[in-house]
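**Q** This is the structure, below, for whatever I ask next.
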Amino acid sequence: MQTGNNHTPVRTKPWNFGMLSTEEFGQQEKELVLGVLEKKRVFRYYGKDKEQSEAYRLEQLYRERTGAKYALAVNAGTSALVAALIGAGIGPGDEVIVPAYTYIATAAAVLIARAVPVIVEVDDSLTIDPQAFEDAITPHTKAVIPVHMRGVPCRMDAIMEVASRHGLLVIEDVAQANGGSYRGQALGSFGLAGCFSFQQYKLITAGEGGMIVTSDEKLYERANIYHDSAFVYWDMNEENREPTFPGENYRLSEINAALALAQSQRINTIVARLQSIKSAISQGIADLPDIRLQTIPDPQGDVSYSLVFYLPTVEMSQRFSRKLSDEGIPNGTINNNGFADRHIYKNWTYVMEKRGASERDTPWNCESYKGNVQYSPDMCPKTLDWLGRAIAIGLHQHMTEEDCGDVVRAIRKTAGVLS
Ligand SMILES: *Cc1c(COP(=O)(O)O)cnc(C)c1O
9 MQTGNNHTPV RTKPWNFGML STEEFGQQEK ELVLGVLEKK RVFRYYGKDK EQSEAYRLEQ
69 LYRERTGAKY ALAVNAGTSA LVAALIGAGI GPGDEVIVPA YTYIATAAAV LIARAVPVIV
129 EVDDSLTIDP QAFEDAITPH TKAVIPVHMR GVPCRMDAIM EVASRHGLLV IEDVAQANGG
189 SYRGQALGSF GLAGCFSFQQ YKLITAGEGG MIVTSDEKLY ERANIYHDSA FVYWDMNEEN
249 REPTFPGENY RLSEINAALA LAQSQRINTI VARLQSIKSA ISQGIADLPD IRLQTIPDPQ
309 GDVSYSLVFY LPTVEMSQRF SRKLSDEGIP NGTINNNGFA DRHIYKNWTY VMEKRGASER
369 DTPWNCESYK GNVQYSPDMC PKTLDWLGRA IAIGLHQHMT EEDCGDVVRA IRKTAGVLS
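Right, here's the structure in full:
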């Protein structure tokens, strides 16, 4: 590893790309946000002209993008998941299958809906393993949440096939894969509902915000009721066939909606850039014998802001990661990265310990729950193995050909020294 005269890093120029989302803030964002201030309308249900609302226009864009019949703007991705689960009728006594690698919010949403998350392995795509999903089904299972992690589409054909064979609902978590697709179909449109996030770390942002898309009228109406405790009173024109029940306040403000609208209009351009960047780098390292590129179930639908590859052992991946950093390319291993990453199930402390807001009444100990789900930090060894051997490099739409070349050269140099 220390071969003496390799002291000059491949990359000496600083590597300072901002976030995917906020780096794009420009004229369009300013115009739409200022437009809201000028209209003096920051609340979507103000007045009768609901079609002038930014939130309405945003919903319309997501209906068009996904082909879904309905869209409901909410104030966060977590809110979208909770309202979609409750909208789908999921609640006490139900088990919902989630992947071992996803943001903790996915599992939290299940618990907030009073259901029990069941954690299953991901495969080398770092998305839910369809076989592990099927193996985890019990008489209590009601739904599965495939999560398109790091912009990578899940194996939706296999997941939909298992779900339909067992009569299970599918709610897609598209928080990290806005703009992605699988076999030409927009992510979020496979399941009964798809849930997006506009938080700052996602592809595009509104600061905070989320979106539910669905073609199921009943889910849409129930999600509407849950997202606003007085929904039926604001939106009198909507004929609600579903009986009302108490909801929260998940409404999206017009300022956030305007920002999300400006940002969402950029998605296709950003994704096209990212795809060409990722494909150039992947091709440049595909022949390296010790490097195994992440399996992408459909490369054409990959949002492509994340490049992941695996080394043969955890120890090698850690050495590789350090060496690649020394070459001037920021990267990280995914497991054992020096902090308790809340995207990895073993760090979902309140889930692992089955803790709720009140110990007297949790989804696990409530009367309706007849199952017996167990959790432990080592319950998904395959997931921990993939994550432990993975090296991740964050890509950015502003990367040039030169930047891509630096990444390829640095990876090739590191691989040459380490093998
Ligand atoms: C960010 C994220 C969420 C939650 O979205 P928020 O807008 O932060 O509430 C849910 N699931 C995944 C996979 C995420 O990455």
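Our numbering numbers the first residue of the sequence shown as 9 and each following residue consecutively.
Glycine included, C-beta positions come from ideal geometry on N, C-alpha and C.
#1: What separation, rounded to the nearest whole angstrom, lies between the Cα atoms of Ile179 and Ile153?
#2: Given 7 Å as the limit, tell me if Gln271 has its C-beta closer than that to any heavy atom belonging to ligand 1.
#3: Please go through the same chain and pick out, in chain order, the residues whose beta-carbon is closer than 7 Å to the beta-carbon of Glu335, but skip the five residues on each side of it.
#4: Do Ile127 and Tyr358 have their C-beta atoms within less than 8 Å of each other?
#5: Only counting runs of 4 or more residues, tell me where the alpha helix (DSSP H) segments fall wholly within the region 67–102, in order along the chain.
#6: When every heavy atom of ligand 1 is checked, does at least one fall within less than 7 Å of the C-beta of Tyr111?
#7: Using alpha carbons as the reference points, say which of Val160, Gly396, Asp295 and Ser376 lies closest to Asp102.
#8: State the Cα-Cα distance for the pair Arg65 and Tyr109, rounded to the nearest angstrom.
#9: In chain order, what residues of the same chain have a beta carbon less than 7 Å from the beta carbon of Ile4, not counting five sequence neighbours either side?
#10: Are the CB atoms of Met407 and Tyr209 nearer to each other than 8 Å?
#11: What number of angstroms, rounded off, separates the C-alpha of Ile112 from the C-alpha of Val322?
#12: Taking 7 Å as the cut-off, is the beta-carbon of Glu256 closer than that to any non-hydrogen atom of ligand 1?
#13: Taking Thr391 as part of the beta strand (DSSP E), name the residues at either end of that continuous run.
#14: Can you round the beta-carbon distance between Leu89 and Ala123 to whole angstroms, since I take them to be within the 8 Å contact cut?
#15: If we ignore side chains and look at the alpha-carbon of each, how far apart do Gly95 and Val41 end up?
#16: Just how far apart, CA to CA, sit Val130 and Gln60?
#17: For a quick check, are the C-beta atoms of Ala365 and Glu216 less than 8 Å apart?
#18: So which of Tyr313, Ile285 and Phe317 has the shortest CA-CA distance to Asp295?
#19: Using 10 angstroms around the beta-carbon of Gln10, count the other beta-carbons present and answer buried if the total reaches 16, otherwise exposed.
#20: So what's Gln10 in DSSP terms, helix, strand or just coil?
#21: In chain order, which continuous runs of the beta strand (DSSP E) of length 3 or greater are located wholly inside the region 208–281?
#22: Mind checking Gly188: buried by the 16 CB within 10 Å criterion, or exposed?
#23: Less than 7 Å separating the Cβ of Ala183 from some heavy atom of ligand 1?
#24: Suppose contacts are defined by Cβ-Cβ distances below 8 Å. Is Gly75 in contact with Ser197 by that definition?
#25: Closer than 7 Å: is that where the CB of Asp86 sits relative to any heavy atom of ligand 1?
**A** Looking at the coordinates:
#1: Counting from one through the sequence shown, the residue named residue 179 turns up at place 171. Counting from one through the sequence shown, the residue named residue 153 turns up at place 145. For Ile179 and Ile153, the distance between alpha carbons rounds to 5 Å.
#2: Counted from its first residue, the sequence shown places residue 271 at position 263. The answer is no for Gln271.
#3: In the sequence shown, counting from the first residue as 1, residue 335 sits at position 327. Closer than 7 Å at the Cβ level, and outside the excluded window around Glu335, lie Pro17, Val18, Arg19, Ala418, Lys421 and Thr422.
#4: The sequence position of residue 127 within the sequence shown is 119, counting from 1. The sequence position of residue 358 within the sequence shown is 350, counting from 1. No; because the gap between Cβ atoms is not below 8 Å, this pair is not in contact.
#5: 85–95
#6: Translated into the one-based positions of the sequence shown, residue 111 becomes position 103. Checking the Cβ of Tyr111 against ligand 1 gives yes.
#7: Mapped onto the sequence shown, residue 102 falls at position 94. Ranking Val160, Gly396, Asp295 and Ser376 by Cα distance to Asp102 puts Ser376 first.
#8: Start at 1 with the first residue of the sequence shown, and residue 65 comes out as number 57. Start at 1 with the first residue of the sequence shown, and residue 109 comes out as number 101. Their backbone Cα atoms lie some 33 Å apart in a straight line.
#9: What is shown of the chain runs 9 to 427, which leaves residue 4 out entirely.
#10: Numbered from 1 along the sequence shown, position 399 holds the residue referred to as residue 407. Numbered from 1 along the sequence shown, position 201 holds the residue referred to as residue 209. No, these two residues do not count as a Cβ contact at 8 Å.
#11: In the sequence shown, the residue the question calls residue 112 occupies position 104. In the sequence shown, the residue the question calls residue 322 occupies position 314. Straight-line Cα distance between these residues: approximately 24 Å.
#12: Numbered from its first residue, the sequence shown carries residue 256 at position 248. Checking every heavy atom of ligand 1 against the Cβ of Glu256, none is found closer than 7 Å.
#13: Along the sequence shown, read from residue 1 onward, the residue named residue 391 stands at position 383. Segment Pro389 to Arg397 is the alpha helix (DSSP H) holding Thr391; no beta strand (DSSP E) there.
#14: For the purposes of this step, residue 89 is taken as the residue at position 81 of the sequence shown. For the purposes of this step, residue 123 is taken as the residue at position 115 of the sequence shown. 11 Å between Cβ atoms; not a contact.
#15: Numbered from 1 along the sequence shown, position 87 holds the residue referred to as residue 95. Numbered from 1 along the sequence shown, position 33 holds the residue referred to as residue 41. Roughly 31 Å separates the two Cα atoms.
#16: Locating residue 130 in the sequence shown gives position 122, counting from the first residue. Locating residue 60 in the sequence shown gives position 52, counting from the first residue. So the alpha carbons of these two residues sit roughly 43 Å apart.
#17: Sequence index remark: in the sequence shown, residue 365 carries index 357 (1-based). Sequence index remark: in the sequence shown, residue 216 carries index 208 (1-based). For Ala365 and Glu216, no; Cβs fall outside 8 Å.
#18: In the sequence shown, residue 295 corresponds to position 287, counting from 1. Of Tyr313, Ile285 and Phe317, the residue nearest in Cα terms is Phe317.
#19: Within the sequence shown, residue 10 is the residue found at index 2, counting from 1. Residue placement at Gln10 cannot be trusted, given a pLDDT of 48 that sits under 50; what the coordinates show is reported in the next sentence. Label assigned to Gln10: exposed.
#20: Counting from 1 along the sequence shown, the entry for residue 10 is found at position 2. In this prediction, Gln10 has a pLDDT of 48, which is less than 50 and means its spatial position is unreliable; what the coordinates show is noted afterwards. Here Gln10 sits in coil by DSSP.
#21: 218–222
#22: On the sequence shown, residue 188 is found 180 positions in, with the first residue counted as 1. Buried, because 16 or more other Cβ atoms sit within 10 Å of the Cβ of Gly188.
#23: In the sequence shown, residue 183 corresponds to position 175, counting from 1. Ala183 Cβ: within cutoff of ligand 1.
#24: Here residue 75 refers to the residue found at position 67 when the sequence shown is read from its first residue. Here residue 197 refers to the residue found at position 189 when the sequence shown is read from its first residue. Closer than 8 Å, so yes.
#25: Numbered from 1 along the sequence shown, position 78 holds the residue referred to as residue 86. Rather than Asp, the amino acid found at residue 86 in this sequence is Thr. For ligand 1, at least one heavy atom lies less than 7 Å from the Cβ of Thr86.
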